[in-house]
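Below: the structure, in structure tokens.
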Amino acid sequence: MLLPREKPFLSGLNSYYLDIEKFIQHLQGEIGTGCLYGKGADQELMVYFDEADIVRGLTQNKGEHALASEQLDHVFAALTQRSFQVSVYYLDADSIFFWGQLPTFRRAKSQLSSSKVSLPDLVFRLCQKKFSGFIEVDVRGRSNCAVLFFHQGERRGGSYYWGTGGFSALDDDYNTLLGMIQKSGGTYGLGYFTNDPAAAPALPPALSAEQEEPPALAAVPARQLEAIDQAVSEFIALYQETAASKSGFEPLLELKLKFIDFVSIYPVLDPYGKACILHADGSVSFADDIAAKAGAEGLVDCVWMVIEEQKLHKKFKAALKNMAAKDLLRSNGIEVER
């Protein structure tokens, strides 16, 4: 589950000693709007409420999808079976419906390091990809520092540990986070909304914006399609040669797993699709010019993620110095060297 980053209004409570229904009614009178979060050994639950109603209740068993409803029957059923450590977050009147209506999401398995990609650069890439989801930011020495939300490539705001109310669209808060990550370093975790973009979170009126059609990718001339296939295949070959020094490591398998992790950002790389085919020998075939442009960029990014995780940066960088086709990719806006 995804939690606000602000300090809880209450924490350290145990559901065993609480009448949750009456407790929520008490909270509705005391703080008005907020979220009750319960963490058990193998289950979590959340209840979003405003002054008069239950906005949403969720339960999630470990390793399973969350169940959501405007009724609390499933929450009360969970409370009768096990005890939960309970925290309460205050959410202001604008952000309660943002949090209460978050779409389903999937987290990427891997994290990115600020030493390899800056937060502004990551945000820029996600905006280009019309990304809908969030970035969870941990600053070194301060975990759970912030979560930034995006809809159709636009950064809409975030939740910060120093904030109040659950959501801030202020650039001052975002710039404070940039200063912290620049000074101390940290890591980012990506999560992307998995349902229809039209069902993205309902945003406060002050944050709403007209959706724009994503710009069409620049077409690659047909005569270059085969050349891009060959250029990317050469890049993959160098990746495989570099990774060969890792005993028991399967570079193509790891790369395909990375495609799955970031399929919402690079849908053209979906291993179950036909737009980009990574063959068993490491060669690559793109279906058409549009797939070649988007797929080559995403494939290079994914290779570098694996390289960084395996601590092969210096060795791979040296191998790329002799790559014959890197200028061809650079002429199409794809930089292979990092």
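For the sequence shown, the working numbering assigns the number 6 to the initial residue and increments by one for each residue that follows. Yeah, the Cβ is synthetic: ideal placement off N, Cα and C, and Gly gets one too.
| Query | Result |
| --- | --- |
| Kindly identify the DSSP beta-bridge partner or partners of residue 61. | 53 |
| So, do the stretch 13-26 and the stretch 57-72 have three or more beta carbon pairs nearer to each other than 8 Å? | no |
| Does the stretch 317-333 come close enough to the stretch 287-295 to have 3 or more Cβ pairs within less than 8 Å? | no |
| Spatial neighbours of residue 169 within its chain, please: CB distance less than 8 Å, with the 5 preceding and 5 following residues excluded, ordered by chain position. | 11, 95 and 97 |
| Skipping 5 residues on each side, what residues in its chain have a beta carbon closer than 7 Å to that of residue 77? | 52, 59 and 62 |
| For residue 269 and residue 286, I'd like the C-alpha separation in whole angstroms. | 26 Å |
| Can you check whether the CB of residue 171 is closer than 8 Å to the CB of residue 155? | no |
| Assuming residue 40 contacts residue 104 under a Cβ cut-off of 8 Å, what Cβ separation, rounded to an integer in Å, is found between them? | 6 Å |
| Consider the Cβ of residue 174: report whether some Cβ of chain C lies at a distance smaller than 8 Å. | Any reference to chain C falls outside this structure, which holds one protein chain only. |
| Return yes when the Cβ of residue 142 is within less than 8 Å of the Cβ of residue 197, no when it is not. | no |
| Quick check: the Cα distance between residue 267 and residue 199, rounded to an integer number of angstroms? | 12 Å |
| Name, in chain order, the residues that DSSP records as bridge partners for residue 72. | 64 |
| Taking three-plus beta-carbon pairs below 8 Å as touching, is the stretch 79-96 in contact with the stretch 107-124? | no |
| Let's test the definition: count the other Cβ atoms within 10 Å of the Cβ of residue 277 and tell me whether it reaches 16, buried, or not, exposed. | exposed |
| List the endpoints of the continuous alpha helix (DSSP H) containing residue 32. | 25-35 |
| Using CA atoms only, rank isn't needed, just tell me which of 54, 174, 56 and 50 is closest to residue 66. | 50 |
| Note down the Cα distance separating residue 297 from residue 306, rounded to an integer number of angstroms. | 14 Å |
| I'd like the list of long-range same chain contacts for residue 271, defined as Cβ closer than 6 Å, with 5 residues on each side in sequence excluded. | 303 |
| Inspect the CB distances between the stretch 241-253 and the stretch 172-181 and report whether three or more fall short of 8 Å. | no |
| As a quick exercise: from 147, 157 and 108, pick the residue whose alpha carbon is nearest that of residue 189. | 147 |
| Which value, in whole angstroms, describes the spacing of the CA atoms of residue 157 and residue 116? | 22 Å |
| Exposed or buried, residue 6, counting other C-beta atoms within 10 Å across all chains shown (16 or more means buried)? | exposed |
| Thinking just about the alpha-carbon of each residue, which of 106, 46, 180 and 118 is nearest to the one in residue 83? | 46 |
| Which residues mark the beginning and the end of the alpha helix (DSSP H) in which residue 343 is found? | Neither: residue 343 is in no alpha helix (DSSP H) and is coded neither H nor E. |
| Helix, strand or coil: how does DSSP classify residue 291 here? | strand |
| Looking at the structure shown, is residue 149 part of a helix, part of a strand, or coil, going by DSSP? | strand |
| With a threshold of 16 other CB atoms inside 10 Å of the CB of residue 24, please say whether the residue is buried or exposed. | exposed |
| How would you write the range of the beta strand (DSSP E) that residue 159 sits in, first residue to last? | 159-165 |
| Give every residue of the same chain whose Cβ lies closer than 6 Å to the Cβ of residue 226, excluding the five residues on either side of it in the sequence, and list them in chain order. | Note that residue 226 scores 49 on pLDDT, short of 50, meaning its location in the model is unreliable; the coordinates nonetheless yield the value given after this. So no residue of the chain qualifies. |
| Name the one or two DSSP bridge partners that residue 173 has. | 163 |
| Just curious, the beta strand (DSSP E) that residue 134 is in, first and last residue? | Per DSSP, residue 134 belongs to no beta strand (DSSP E) and is neither H nor E. |
| Run through DSSP, which three-state label would residue 271 get? | coil |
| At 3 residues or longer, what runs of the beta strand (DSSP E) sit wholly inside the stretch 296-333? | none |
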